[in-house]
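**Q** The structure that follows is given in the form of structure tokens.
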Amino acid sequence: MIHIDTCHPLEKMKAWIESEKAMGSDNPNRVVLATSSQDIPRSRIVAIREITGEGIVFFTQRETRKARDLSINPRVSMTLWLAQQQRQVVLEGYVKALTDEENLFYWRTIPREQQLRFTAYAPISSHAIPSPTTLSEKYRDLKSAFENRDIPMSDHYCGFHAIAISMCFYTLGSEEFSEVLHFEYCHGKWKQQLLSP
7 MIHIDTCHPL EKMKAWIESE KAMGSDNPNR VVLATSSQDI PRSRIVAIRE
57 ITGEGIVFFT QRETRKARDL SINPRVSMTL WLAQQQRQVV LEGYVKALTD
107 EENLFYWRTI PREQQLRFTA YAPISSHAIP SPTTLSEKYR DLKSAFENRD
157 IPMSDHYCGF HAIAISMCFY TLGSEEFSEV LHFEYCHGKW KQQLLSP
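Per our numbering, residue 7 is the first one in the sequence shown, and the count goes up by one each step.
In structure tokens:
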């Protein structure tokens, strides 16, 4: 049975995350992002910066493998696991790169310490480094150089907006059957379907 859902799936995702926080989870705003530019997909955890009416905003460094993957193939899958509730959300869709103006807006909203850390590691992300102190030394140099000054946005800072076209909500059952709700965006509306687990 298919019907038009009155509850927007991205609002439902927000509500589940808020419930997870209320149950004691320190930071449930993390998803596993899967990308692929070749035959073998790659996955890694990224932070959710914002859940919009269309999807999820996240950030990375321009020279990372995921950024390169997304420049070739914008299709993505994201998985959110909420351990306290034994729930999972899977989002499928495609990404749009944020504009320079949008990147700058988000850059200005993150804490100063986070800006410094990003500026320290982003230029050499995924590169070999001689020792663990390499980044801490660079961080200290930057902190000194920008004391009492605004930290300019790193050239490596880039964001993406993952536009959802399909979302699946799983509530795992222990004694009863698990519940699976599937949402698909079609002709400007979300359609909801209850699936067998």
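From the three backbone atoms N, C-alpha and C, an ideal C-beta is built for every residue, glycine too.
Would you be able to state if there are at least three C-beta pairs under 8 Å between the stretch 171-183 and the stretch 133-151?
**A** Short answer: they don't touch.
**Q** For residue 115, count neighbouring C-beta atoms within 10 Å of its own C-beta (all shown protein chains included) and say buried if the count is 16 or more, exposed if not.
**A** Numbered from 1 along the sequence shown, position 109 holds the residue referred to as residue 115. So residue 115 ends up on the exposed side.
**Q** Determine the extent of the alpha helix (DSSP H) in which residue 140 is found, giving its start and end residues.
**A** Start at 1 with the first residue of the sequence shown, and residue 140 comes out as number 134. Segment 139-151, the alpha helix (DSSP H) holding residue 140.
**Q** Can you give, in chain order, each stretch of the beta strand (DSSP E) that sits fully within the stretch 51-90 and has at least 3 residues?
**A** Counting only runs of 3 or more, we get 61-67, 81-88.
**Q** Considering only residues of the same chain and omitting the five flanking positions on each side of residue 128, which have a CB-CB separation below 6 Å?
**A** Within the sequence shown, the letter at position 122 stands for residue 128. Correct list, in chain order: 67, 160, 162.
**Q** Enumerate in chain order the residues of its own chain whose CB-to-CB distance from residue 48 is below 8 Å, with the five nearest sequence positions on each side excluded.
**A** As a first step, residue 48 must be located in the sequence shown, where it is residue number 42. Result list for residue 48: 40, 41, 42, 71, 72, 75, in chain order.
**Q** Hey, residue 52 and residue 85: beta-carbon distance below 8 Å or not?
**A** As a first step, residue 52 must be located in the sequence shown, where it is residue number 46. As a first step, residue 85 must be located in the sequence shown, where it is residue number 79. Contact: no.
**Q** Let me check understanding here. Comparing Cα to Cα, which of 122, 138, 165, 169 lies closest to residue 69?
**A** Reading the sequence shown from its first residue, position 63 is the one you call residue 69. Residue 69 has its Cα closest to that of 165, out of 122, 138, 165, 169.
**Q** Give me the Cα-Cα distance between residue 22 and residue 118, rounded to the nearest whole angstrom.
**A** Numbered from 1 along the sequence shown, position 16 holds the residue referred to as residue 22. Numbered from 1 along the sequence shown, position 112 holds the residue referred to as residue 118. Near 29 Å, if we compare the C-alpha coordinates of residue 118 and residue 22.
**Q** Anyone know if the C-beta pair for residue 125 and residue 78 falls short of 8 Å?
**A** Position 119 of the sequence shown, counted from the first residue, corresponds to residue 125. Position 72 of the sequence shown, counted from the first residue, corresponds to residue 78. No, the pair does not count as a contact, with Cβ atoms beyond the cut-off.
**Q** Give me the Cβ distance between residue 59 and residue 168, rounded to the nearest whole Å; I'm assuming they're in contact under 8 Å.
**A** Position 53 of the sequence shown, counted from the first residue, corresponds to residue 59. Position 162 of the sequence shown, counted from the first residue, corresponds to residue 168. In fact, because the Cβ distance is near 13 Å, the residues do not count as touching under 8 Å.
**Q** State buried or exposed for residue 189, treating a residue as buried only when at least 16 other CB atoms are found within 10 Å of its CB.
**A** Taking the sequence shown and counting its residues from 1, the one referred to as residue 189 is at position 183. Buried: at least 16 other Cβ atoms inside 10 Å.
**Q** What is the residue span of the beta strand (DSSP E) that residue 123 lies within?
**A** Taking the sequence shown and counting its residues from 1, the one referred to as residue 123 is at position 117. Segment 118-127 is the alpha helix (DSSP H) holding residue 123; no beta strand (DSSP E) there.
**Q** Taking the C-alpha atoms as reference points, what is the distance between residue 91 and residue 138?
**A** Within the sequence shown, numbered from 1, the residue matching residue 91 stands at position 85. Within the sequence shown, numbered from 1, the residue matching residue 138 stands at position 132. The alpha-carbon atoms of residue 91 and residue 138 are separated by roughly 37 Å.
**Q** Can you find the residues in the same chain that come closer than 6 Å, C-beta to C-beta, to residue 170, ignoring five residues on each side of it along the sequence?
**A** Taking the sequence shown and counting its residues from 1, the one referred to as residue 170 is at position 164. Cβ neighbours of residue 170 beyond the five flanking positions: 61, 97, 99.
**Q** What residue range is occupied by the uninterrupted alpha helix (DSSP H) comprising residue 111?
**A** As a position in the sequence shown, residue 111 is number 105, starting the count at 1. Its alpha helix (DSSP H) spans residues 106-113.
**Q** Roughly how many angstroms lie between the CA atoms of residue 108 and residue 65, to the nearest whole one?
**A** Position 102 of the sequence shown, counted from the first residue, corresponds to residue 108. Position 59 of the sequence shown, counted from the first residue, corresponds to residue 65. If you take the alpha carbons of residue 108 and residue 65, they lie about 11 Å apart.
**Q** Helix, strand or coil: which one does DSSP assign to residue 134?
**A** Residue 134 sits at position 128 when you count from the first residue of the sequence shown. Here residue 134 sits in coil by DSSP.
**Q** Run through DSSP, which three-state label would residue 178 get?
**A** What you label residue 178 is simply residue 172 of the sequence shown in a count that begins at 1. Coil.
**Q** Report the rounded CA-to-CA distance for residue 31 versus residue 13, giving the unit in angstroms.
**A** Along the sequence shown, read from residue 1 onward, the residue named residue 31 stands at position 25. Along the sequence shown, read from residue 1 onward, the residue named residue 13 stands at position 7. About 24 Å.
**Q** Contact check, residue 191 vs residue 94 under 8 Å by CB: the rounded distance?
**A** As a position in the sequence shown, residue 191 is number 185, starting the count at 1. As a position in the sequence shown, residue 94 is number 88, starting the count at 1. So it is not a contact: roughly 19 Å between Cβ atoms.
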